[in-house]
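Chemist: Pasting a structure here, questions to come.
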């Protein structure tokens with residue numbers, strides 16, 4: 001097994017204010033190919049900063065980031081942007097869809113930018129939108145969709161280029177339970193197909209799909225371990241009807 | 001289980017095995033299947049207290065079966081059960097006692113306790129996810145029961161985070 005994504009002694013200090021604020025204080029993390037890692041922790045523990053840095057959306061203060069065996073934190077901004085198109089998918093709590101493009105084009109665009117053929121991009125878009133119950137919304141503009149629908153389009157878009165790693169920051173933050181169920185199903189499916197996922201979430205249902213849980217506290221990893229699968233077959237331990 | 005059996009008998013008279021089936025059909029996979037012995041013991045007690053009465057029904061080629069029906073006193077007791085306010089879940093948390101007391105003795109570190117507990121809750125949640133995906137979506141009773149358990153677990157996790165912020 002090789003690490004798809006690796007952080008070595010990663011540090012981020014925000015120095016805009018009167019006092020420098022350390023958000024991430026020396027994180028070492030290796031994510032294997034096909035692994036699904038959930039990151040949890042209280043607000044202000046550095047989760048979002050960490051995942052933003054891993055995707056090159058925030059700059060590190062010190063430390064190293066490796067993607068597919070290549071050191072990326074020392075790349076120029078444009079070189080990293082190019083690499084990101086091919087290798088990273090993003091989904092955030094506040095989706096950023098292109099307003100004057102249809103849903104279908106929003107989803108196909110990253111695949112085309114990553115150099116996938118138009119035919120393959122279209123097929124991929126069709127299967128992703130179908131999986132998220134959005135096939136009939138393909139020709140709509142993002143503004144015509146509900147928040148839950150837009151979030152699902154953002155997830156489809158993030159997966160369109162078959163990224164080496166899917167990075168997500170509270171991807172179900174805006175969804176009701178029915179929309180969350182569609183997102184859960186798709187995440188479970190792509191994970192089963194070998195998609196590597198690193199996800200910040202407060203939602204225990206989403207986090208419980210992961211193989212591994214990393215807990216952050218005060219900018220540091222305080223716990224890193226597997227989520228046990230017991231498959232007992234009943235919910236007797238949790239549900240106790242009297 | 002007493003009021004549950006009374007409620008089923010208020011619908012129609014039944015024998016023990018029919019009551020077991022009715023419980024299973026109503027609550028689906030989410031309900032730990034009741035054991036038939038327990039049902040007969042409970043029916044015996046209800047009969048002794050005058051809440052149900054039994055009649056023997058002859059069957060060809062088999063021993064007689066006892067069919068139970070609700071008495072007027074049984075119906076009163078059922079109505080009282082339905083009308084009284086239901087206690088909410090109480091925080092009787094063994095984990096919280098560990099969290100507060102164990103570090104005083106030097107046996108364990110709070111951060112480690114919280115982290116282990118969080119992974120345990122997530123593994124329970126993974127079980128519930130599996131259970132929900134195996135439950136027929138048309139079975140709303142079972143679905144709602146599982147969803148209720150999930151919301152409780154989410155609250156436990158959120159509370160764990162509060163403990164971490166304030167105690168660790």
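Protein chains in written order, with full-length UniProt numbering: chain A, 1 to 242; chain B, 1 to 168.
Yeah, the Cβ is synthetic: ideal placement off N, Cα and C, and Gly gets one too.
Just mark residue 127 of chain A as buried or exposed, buried being the case when its beta carbon has 16 or more other beta carbons within 10 Å.
Modeler: Position 127 of the first chain holds residue 127 of chain A. With fewer than 16 other Cβ atoms within 10 Å, it is exposed.
Chemist: Under 7 Å Cβ to Cβ from residue 65 of chain B, same chain only, skipping five residues before and after it: list those, please.
Modeler: What you label residue 65 of chain B is simply residue 65 of the second chain in a count that begins at 1. For residue 65 of chain B, where only same-chain residues beyond five positions count, the Cβ hits under 7 Å are 15, 57 and 59.
Chemist: For residue 59 of chain B, write down the residues that DSSP places opposite it in a beta bridge.
Modeler: Residue 59 of chain B sits at position 59 when you count from the first residue of the second chain. B/62, per the DSSP bridge assignment.
Chemist: Does DSSP put residue 162 of chain A in a helix, in a strand, or in coil?
Modeler: On the first chain, residue 162 of chain A is found 162 positions in, with the first residue counted as 1. Three-state result, residue 162 of chain A: coil.
Chemist: List the whole-angstrom C-beta distance separating residue 171 of chain A from residue 91 of chain A, where the pair is believed to meet the contact cut-off of C-beta under 8 Å.
Modeler: As a working mapping, residue 171 of chain A is identified with position 171 in the first chain. As a working mapping, residue 91 of chain A is identified with position 91 in the first chain. Correct: roughly 5 Å between the Cβ atoms.
Chemist: Could you tell me the distance, in whole angstroms, from the CA atom of residue 13 of chain B to the CA atom of residue 127 of chain B?
Modeler: Here residue 13 of chain B refers to the residue found at position 13 when the second chain is read from its first residue. Here residue 127 of chain B refers to the residue found at position 127 when the second chain is read from its first residue. Roughly 37 Å between the two C-alpha positions.
Chemist: Around the C-beta of residue 106 of chain B, are 16 or more other C-beta atoms found within 10 angstroms, so that it is buried, or is it exposed?
Modeler: Within the second chain, residue 106 of chain B is the residue found at index 106, counting from 1. Classification for residue 106 of chain B: exposed.
Chemist: Just list the residues that DSSP pairs residue 196 of chain A with in beta bridges.
Modeler: Here the question's residue 196 of chain A lines up with position 196 in the first chain. DSSP output for residue 196 of chain A lists A/165 as bridge partner(s).
Chemist: Which residues, in order along the region 39 to 62 of chain A, keep a beta-carbon less than 8 Å from a beta-carbon of chain B?
Modeler: Cβ contacts with chain B: 40, 41 and 42.
Chemist: Looking at the unbroken alpha helix (DSSP H) that takes in residue 62 of chain A, where does it start and where does it end?
Modeler: For this step, residue 62 of chain A is matched to residue 62 along the first chain. First-last for residue 62 of chain A: 62 to 67, but that is the beta strand (DSSP E), not the alpha helix (DSSP H).
Chemist: Report the neighbours of residue 223 of chain A on chain B: residues whose CB is nearer than 9 Å to its CB, in chain order.
Modeler: For the purposes of this step, residue 223 of chain A is taken as the residue at position 223 of the first chain. 111, 112, 114, 115, 116, 118 and 119, listed in chain order.
Chemist: Name the one or two DSSP bridge partners that residue 40 of chain A has.
Modeler: Along the first chain, read from residue 1 onward, the residue named residue 40 of chain A stands at position 40. Paired residues: A/215.
Chemist: If residue 160 of chain A sits next to residue 125 of chain A, beta carbons under 8 Å apart, how far is it from one beta carbon to the other, in whole angstroms?
Modeler: Here the question's residue 160 of chain A lines up with position 160 in the first chain. Here the question's residue 125 of chain A lines up with position 125 in the first chain. 6 Å between Cβ atoms; contact.
Chemist: On the criterion of 16 or more Cβ atoms from any shown chain inside 10 Å, does residue 215 of chain A qualify as buried, or is it exposed?
Modeler: One-based indexing of the first chain puts residue 215 of chain A at position 215. Residue 215 of chain A comes out buried.
Chemist: In angstroms, rounded to a whole number, what distance separates the CA positions of residue 47 of chain A and residue 39 of chain B?
Modeler: Position 47 of the first chain, counting from 1, holds the residue named residue 47 of chain A. Position 39 of the second chain, counting from 1, holds the residue named residue 39 of chain B. Going by the C-alpha atoms only, they are around 51 Å apart.
Chemist: Give the straight-line distance between the Cα atoms of residue 330 of chain A and residue 217 of chain A, rounded to the nearest whole angstrom.
Modeler: The first residue shown for chain A is 1 and the last is 242, placing residue 330 of chain A beyond what the model contains.
Chemist: Check for me: the beta strand (DSSP E) holding residue 221 of chain A runs from which residue to which?
Modeler: Here residue 221 of chain A refers to the residue found at position 221 when the first chain is read from its first residue. From DSSP, the beta strand (DSSP E) with residue 221 of chain A extends over 220 to 226.
Chemist: Looking at residue 211 of chain A: is its Cβ nearer than 7 Å to the Cβ of residue 115 of chain B?
Modeler: By one-based count along the first chain, residue 211 of chain A stands at place 211. By one-based count along the second chain, residue 115 of chain B stands at place 115. Against a cut-off of 7 Å, the Cβ pair of residue 115 of chain B and residue 211 of chain A comes out as no contact.
Chemist: Count the other CB atoms within 10 Å of the CB of residue 97 of chain B; is the residue buried (16 or more) or exposed (fewer)?
Modeler: Position 97 of the second chain, counting from 1, holds the residue named residue 97 of chain B. Looking at its Cβ environment, which holds fewer than 16 other Cβ atoms inside 10 Å, residue 97 of chain B is exposed.
Chemist: For residue 22 of chain A, which residues does DSSP report across the bridge?
Modeler: As a working note, residue 22 of chain A is residue 22 in the first chain. In the DSSP output, where bridge partners are listed per residue, residue 22 of chain A has A/13.
Chemist: Note the first and the last residue of the continuous alpha helix (DSSP H) segment covering residue 141 of chain B.
Modeler: Looking up residue 141 of chain B in the second chain gives position 141. Where residue 141 of chain B is concerned, the enclosing alpha helix (DSSP H) stretches over 140 to 167.
Chemist: For the ligand SAH, is there a heavy atom less than 6 Å away from the beta-carbon of residue 145 of chain B?
Modeler: Of ligands this structure carries none, so the ligand SAH is not represented either.
Chemist: DSSP has residue 44 of chain B in a bridge; who is on the other side?
Modeler: Position 44 of the second chain, counted from the start, is the residue given in the question as residue 44 of chain B. Its beta-bridge partners do not exist; DSSP assigns none.
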